[in-house]
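Asker: Protein sequence lines correspond, in order, to chains A and B. Residues 5 to 283 (this note's numbering) are what the first sequence spells out, left to right. Residues 45 to 351 (this note's numbering) are what the second sequence spells out, left to right.
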Amino acid sequence: MNPKLQLNLQRGLIYAFLVILLLITLIPVWMLLVNATRSTTQIQQGVGFLPSTHMVENYKILLSKGLDLPRGFLNSFTVAIITTIVTVYFSFLTAYGIIVYDFKGKKAFNNFILVLVMIPMQLSIIGYYHYMSLLGLTDTYLSLILPSIASALGVFFAKAYLDSVVIQDLIDAGRVDGASELGIFHKIMFPIAAPGAFTLAIFSFVGAWNNFFNAYILITTRDKYTLPMLIQTLRGDVYRHEYGAIYLGLAASIIPIIIIYFMFSKFIVSGISMGAVKE
Amino acid sequence: MLRKKTFKINYGYVFITPFIIGFLLFGLYPVYHTLALSFTNTTMLTGKDDFVGLQNFIRLFSDNTFITAITNTWQLWLMNFIPQLGIAILMAVWFTNVRLRIKAVGVWRMLFYMPNLLMPAAIAALFFSLFSYYGPVNQVLVRTGIIPEAIDYIRNPTAMRSLVVFIQWWMWFGQTTIILMAAMSSISLSLYEAAVIDGARDWQMFRYVTLPLIKPVMAYILVTSLVGGMQMFDIPYLLTDGRGSPANSILTNMIMMYMRFRSNEGHIGAAAAIGVMVFIMTTIVALLINYLLRDKDAKVPAKEVRR
């Protein structure tokens with residue numbers, strides 16, 4: 005076979021494979037979004053891939069069954085935003101300390117963070133829960149947020165990013181101008197590191213927004229339920245056969261993330277391999 | 045002058061102190077506290093907290109459910125990880141191949157990665173709906189005549205296991221592809237050119253140039269995926285009744301830990317013992333893999349490899 009033809013054949017097969025994989029990736033999500041706009045009767049009658057007009061109706065059913073979606077949104081947003089700020093700030097603070105200064109034990113601390121990334125910290129949730137209950141912090145958002153002060157993955161990422169942007173000359177210039185060390189970090193380095201901080205912020209936000217397990221263990225009052233916890237109640241008997249409403253509840257919880265993703269996918273895709281691969 | 049020097053603060057410590065305090069209070073202490081609880085019969089309601097030695101662990105190992113949970117977790121993880129890595133390697137090779145010149149690589153990988161960001165709780169509920177008895181999957185399969193009558197997937201152990209494996213694969217293959225692509229495109233082109241001059245074929249180039257150089261990144265993917273896999277909870281928990289049904293087929297470590305934690309008398313000690321065992325198992329395996337796959341024959345300096 006001539007090489008040109010062979011190459012084109014190979015390409016054709018690869019594209020076919022990619023298209024099939026893409027359909028597998030997107031169909032479940034598409035069905036979720038479409039079914040959120042279809043009535044329960046329509047859903048039961050058959051599979052459809054075109055949006056319908058019953059979204060408002062589905063939303064009213066959800067509310068009438070006592071699912072306070074706006075409240076869940078507000079709760080999730082509050083927790084996610086605070087977690088994000090705490091994670092980004094302390095991760096960059098720590099990473100900056102490691103990169104800019106020389107101190108005894110620096111290498112050990114660095115290795116320690118690398119090891120921490122590989123340790124399943126979530127398995128200590130039982131101890132964490134009991135400890136929080138002794139401090140009277142269970143059923144508060146504080147218990148969900150506090151651990152993000154020491155995010156090993158965040159430091160890992162921030163270090164990889166800062167490695168490529170920290171400029172010693174700027175730090176020295178700042179010192180000559182009489183800026184304090186913390187002042188240099190806040191006023192000179194942080195603006196320079198903003199794209200990296202933003203990328204880490206997206207990841208922290210998505211992680212906190214989606215986090216089910218910790219909230220499920222630590223939060224008990226229904227008014228404080230975050231979105232994934234509310235979603236989980238959709239499985240109950242109250243919603244039996246209200247398929248349209250269930251799909252709408254699920255869609256509402258993933259749509260903000262889909263929007264964030266399509267707005268900032270460049271940051272996200274470039275951030276995934278950061279730290280794992282040195283480019 | 046000398047006096048002033050001894051008073052100078054090393055700012056490195058100032059910058060890392062918040063992390064260390066945060067870690068001690070909210071990272072290390074909970075681990076210690078979990079370990080301490082695992083030797084007691086602490087419950088939520090009665091306020092008992094007597095030291096019972098190794099009783100929780102002895103009970104755990106004589107309980108077949110625990111062995112089932114451990115085996116399940118490993119199986120569910122391995123069955124999604126192997127095809128995930130395979131497909132990701134294949135796609136990363138295609139996407140970075142200069143001869144193939146696949147179009148719109150950025151768009152493909154962006155779309156393949158999307159499921160990873162979606163809320164696992166919602167994804168589990170979505171697949172539960174799709175595969176329910178009167179759900180869309182049965183509708184399509186029955187109407188097109190592929191199966192004669194609807195299948196009750198939710199009560200079928202093999203179907204549920206396959207579904208958990210599928211969902212995990214579906215959520216993660218895009219991420220693995222992106223990381224491998226970054227690793228592959230950081231390999232210098234001159235290495236491939238040299239291989240072509242030596243008469244190497246596609247497969248030989250992959251085997252002797254690409255593979256050794258992406259080994260550290262593969263170790264990273266393997267370890268992070270393993271650590272995540274051993275803590276698998278949301279998908280199997282929310283896909284069925286939260287007890288790993290049908291017939292314990294998707295009962296994972298974390299589900300079992302959660303069940304002990306929320307059992308009628310809330311046996312925190314027994315739940316902590318599960319956490320401790322899985323913690324030890326995962327950490328040992330993760331560090332072992334990291335040690336075995338450490339950089340022996342690649343030419344990259346060791347320091348870079350560990351990143």
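Yeah, the Cβ is synthetic: ideal placement off N, Cα and C, and Gly gets one too.
Rounded to the nearest angstrom, how far is the Cβ of Tyr157/B from that of Gln219/B, given a contact under 8 Å?
Answerer: Contact flag correct, Cβ pair sits at about 6 Å.
Asker: Could you tell me the distance, in whole angstroms, from the CA atom of Ala156/A to the CA atom of Ser95/A?
Answerer: If I take the Cα positions, the gap works out to 8 Å.
Asker: At which residue ranges does the segment 198 to 242 of chain A contain complete alpha helix (DSSP H) runs of 4 or more residues, listed in the order of the chain?
Answerer: The qualifying runs are 198 to 214, 217 to 222 and 231 to 237.
Asker: Of all the alpha helix (DSSP H) runs that stay within the bounds of the segment 9 to 88 of chain A, which reach a length of 4 or more residues?
Answerer: Counting only runs of 4 or more, we get 44 to 49 and 59 to 68.
Asker: Going by C-alpha distance, which of Pro127/B, Leu68/B and Trp213/B is nearest Asn160/B?
Answerer: Comparing Cα positions, the closest option is Trp213/B.
Asker: Val92/A versus chain B: which residues are under 7 Å apart at the beta carbon?
Answerer: Those within 7 Å of Val92/A in chain B number zero; the least Cβ separation is about 13 Å.
Asker: I want to verify the contact list: residues of chain C whose CB lies under 9 Å from the CB of Glu246/A, in sequence order.
Answerer: Judged by its chain identifiers, the structure shown contains no chain C, and its protein chains are A and B.
Asker: Pop quiz: Ala113/B and Asn308/B are said to be a contact at Cβ under 8 Å. What is the actual Cβ separation, rounded to whole angstroms?
Answerer: Going by Cβ atoms, the distance from Ala113/B to Asn308/B rounds to 20 Å, so no, they are not a contact pair.
Asker: Can you find a C-beta in chain A that's less than 8 Å from the C-beta of Ala166/B?
Answerer: Ala166/B counts as touching chain A.
Asker: Out of Ile263/A, Gly140/A, Val51/A and Ile175/A, which one is the CA nearest neighbour of Leu222/A?
Answerer: The option with the nearest alpha carbon to Leu222/A is Gly140/A.
Asker: Give a yes or no on whether the minimum CB-CB distance between Ile24/A and chain B is below 8 Å.
Answerer: Not closer than 8 Å to any Cβ of chain B, the Cβ of Ile24/A fails to qualify, so no.
Asker: Examine the Cβ distances between the segment 227 to 236 of chain A and the segment 73 to 93 of chain A and report whether three or more of them are shorter than 8 Å.
Answerer: Cβ pair count under 8 Å is three or more, so yes.
Asker: Give me the DSSP bridge partner(s) of Phe217/B.
Answerer: DSSP output for Phe217/B lists no bridge partner at all.
Asker: Would you decide whether Ile263/A is buried or exposed? Buried here means 16 or more other CB atoms lie within 10 Å of its CB.
Answerer: Burial call: exposed.
Asker: Decide yes or no for the touch test of the segment 95 to 107 of chain B against the segment 67 to 83 of chain B: beta carbon pairs closer than 8 Å, at least 3 of them.
Answerer: Enough Cβ pairs lie closer than 8 Å, so yes.
Asker: Please list, in chain order, the chain B residues whose beta carbon lies closer than 8 Å to that of Thr29/A.
Answerer: The contacting residues are Leu155, Phe156, Met158, Pro159, Trp214 and Gly218.
Asker: Output yes or no for whether 8 Å exceeds the beta carbon distance between Met274/B and Thr117/B.
Answerer: Yes; because the gap between Cβ atoms is below 8 Å, this pair is in contact.
Asker: Report the neighbours of Phe216/A on chain B: residues whose CB is nearer than 7 Å to its CB, in chain order.
Answerer: Near Phe216/A (Cβ distances below 7 Å), the residues of chain B are Pro164, Ala165 and Asp278.
Asker: Can you check whether the C-beta of Gln183/B is within less than 8 Å of a C-beta belonging to chain A?
Answerer: By this cut-off, Gln183/B is an interface position.
Asker: Is Val267/B closer than 8 Å to Ile333/B when the C-beta atoms are compared?
Answerer: Closer than 8 Å, so yes.
Asker: Round the Cβ separation of Arg153/B and Val273/A to the nearest angstrom and send it over; I've been treating them as touching at under 8 Å.
Answerer: Going by Cβ atoms, the distance from Arg153/B to Val273/A rounds to 7 Å, so yes, they are a contact pair.
Asker: Is any beta-carbon of chain A found at less than 8 Å from that of Tyr178/B?
Answerer: Taking Cβ atoms only, chain A reaches closer than 8 Å to Tyr178/B, which makes this a yes.
Asker: Please state whether DSSP places Thr87/B in a helix, a strand or coil.
Answerer: Here Thr87/B sits in strand by DSSP.
Asker: Which bits of chain B does Val170/A rub up against, with CB to CB less than 8 Å?
Answerer: Within 8 Å Cβ-Cβ: nothing; Val170/A doesn't reach chain B, min ~13 Å.
Asker: Starting from Gly178/A and walking both ways along the alpha helix (DSSP H), at which residues does that stretch end?
Answerer: Looking at the DSSP string, the run of the alpha helix (DSSP H) that includes Gly178/A is Gln172 to Val180.
Asker: Gln275/B versus chain A: which residues are under 7 Å apart at the beta carbon?
Answerer: The answer, in chain order, is Pro124, Gln126 and Leu127.
Asker: Where Thr261/A and Leu282/B are concerned, what is the direct C-alpha to C-alpha distance, given to the nearest angstrom?
Answerer: Before going further, note that residue 261/A is Ile rather than Thr in the sequence given. The alpha-carbon atoms of Ile261/A and Leu282/B are separated by roughly 20 Å.
Asker: Using a Cβ-based criterion (distance less than 7 Å to any ligand heavy atom), does Pro290/B qualify as near the ligand ADP?
Answerer: As far as ligands go, the structure on display features none, and thus does not contain the ligand ADP.
Asker: Is it the case that the Cβ atoms of Ser176/B and Tyr251/A are separated by a distance below 8 Å?
Answerer: Taking 8 Å as the Cβ cut-off, Ser176/B and Tyr251/A do not qualify as a contacting pair.
Asker: Quick check: what's the CA-CA separation for Ile191/B versus Ile318/B?
Answerer: Each residue's alpha carbon lies about 42 Å from the other.
Asker: Short of 8 Å in beta carbon distance, which residues of its chain neighbour Ile86/A, apart from the five on each side in sequence? Order them along the chain.
Answerer: Excluding positions up to five away in sequence, the list reads Tyr145 and Ile149.
Asker: Specify, as a first and last residue, the run of the alpha helix (DSSP H) that Gly273/B falls within.
Answerer: Leu255 to Met274 is the extent of the alpha helix (DSSP H) around Gly273/B.
Asker: Using a threshold of 8 Å, state whether the C-beta atoms of Pro62/B and Ile153/A are closer than that.
Answerer: Yes, they are a contact pair.
Asker: Could you list the residues in the segment 224 to 237 of chain B with a C-beta less than 7 Å from some C-beta on chain A, going in chain order?
Answerer: Answer set for the segment 224 to 237 of chain B: Ala226, Ala227 and Ser230.
Asker: What is the residue span of the alpha helix (DSSP H) that Ile312/B lies within?
Answerer: Here the alpha helix (DSSP H) through Ile312/B covers Ile312 to Leu336.
Asker: Look at the Cβ atom of Ile276/A, then the Cβ atom of Ile223/B, and state whether they are nearer than 8 Å.
Answerer: Cβ distance < 8 Å, so Ile276/A and Ile223/B count as in contact.
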